[in-house]
């Protein structure tokens, strides 16, 4: 399994940071690897809420549908997407820190079938993607 994990301090409270990131359509605002992202339902984010996004992987556009699989209001949200060759699981946690919060973003890519053999390459790609997204995420949770 390929994994990228980063921790960022935020000037926002855990509840405010959660509100900004629980809706995964926000990724288009802070992740340069996302061309577009839109919610597929209206109303509050809940388990089962889905976001259709288009990720840029090299020169290709890859459509993915992420679904909230776990949600603890103000503390944790898990978004997962299934593709033919891999599964992507993004877990975001929020904890108090001084007057703000600590946001931990943990992204995992699990290769499927023969693609599982390529996990070392997936790990390299995920680190590159994660490093680029981290700067935008840091700005997004420190408005």
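In the working numbering, the protein residues as written are 3 to 145. Each residue gets a CB set at the ideal place from its N, CA and C atoms; glycine is no exception. Note that the structure is predicted; figures quoted are calculated from it, not measured.
Start and end of the beta strand (DSSP E) containing residue i?
i, result
"residue 72", "62-74"
"residue 113", "102-113"
"residue 38", "36-41"
"residue 52", "52-59"
Taking the beta carbon of residue i as the centre, do at least 16 other beta carbons fall within 10 Å, making it buried, or is it exposed?
i, result
"residue 101", "exposed"
"residue 12", "buried"
"residue 137", "exposed"
"residue 16", "buried"
"residue 33", "buried"
"residue 29", "buried"
Of the choices the options, whose alpha-carbon is the least far from that of residue i?
i, options, result
"residue 43", "15, 57, 141 and 67", "67"
"residue 131", "35, 10, 5 and 7", "35"
"residue 37", "77, 104 and 55", "55"
"residue 143", "4, 48, 5 and 14", "14"
"residue 48", "140, 134 and 80", "80"
"residue 78", "85, 65 and 93", "93"
Using 8 Å for Cβ pairs, my map puts residue i next to residue j. What's the rounded Cβ distance?
i, j, result
"residue 95", "residue 82", "About 15 Å separates the two Cβ atoms, so there is no contact after all."
"residue 39", "residue 73", "No, residue 39 and residue 73 are not in contact; Cβ-Cβ is about 18 Å, not under 8 Å."
"residue 103", "residue 19", "5 Å"
"residue 87", "residue 114", "6 Å"
Over the uninterrupted alpha helix (DSSP H) stretch that includes residue i, give me the two end residues.
i, result
"residue 85", "Careful: residue 85 lies outside any alpha helix (DSSP H) and carries neither H nor E."
"residue 9", "Careful: residue 9 lies outside any alpha helix (DSSP H), inside the beta strand (DSSP E) at 4-12."
"residue 22", "16-24"
"residue 29", "29-32"
Going along the chain, which residues of its own chain have a beta-carbon closer than 6 Å to the beta-carbon of residue i, five neighbours each way excluded?
i, result
"residue 225", "With the chain covering only 3 through 145, there is no way to say anything about residue 225."
"residue 7", "108"
"residue 27", "39, 40, 41 and 53"
"residue 90", "83 and 111"
"residue 58", "35 and 37"
Just to confirm my understanding: we take residue i, look at its own chain, exclude 5 residues before and 5 after, and list those with CB closer than 8 Å. What are they?
i, result
"residue 63", "37, 56 and 57"
Mind checking whether the beta-carbon of residue i lies closer than 7 Å to any heavy atom of the ligand NAD?
i, result
"residue 138", "As presented, the structure is devoid of all ligands, the ligand NAD included, so that no description of it is given."
Leaving out the 5 sequence neighbours to the left and right, which residues in its chain are closer than 7 Å to residue i when beta-carbon positions are compared?
i, result
"residue 50", "69 and 70"
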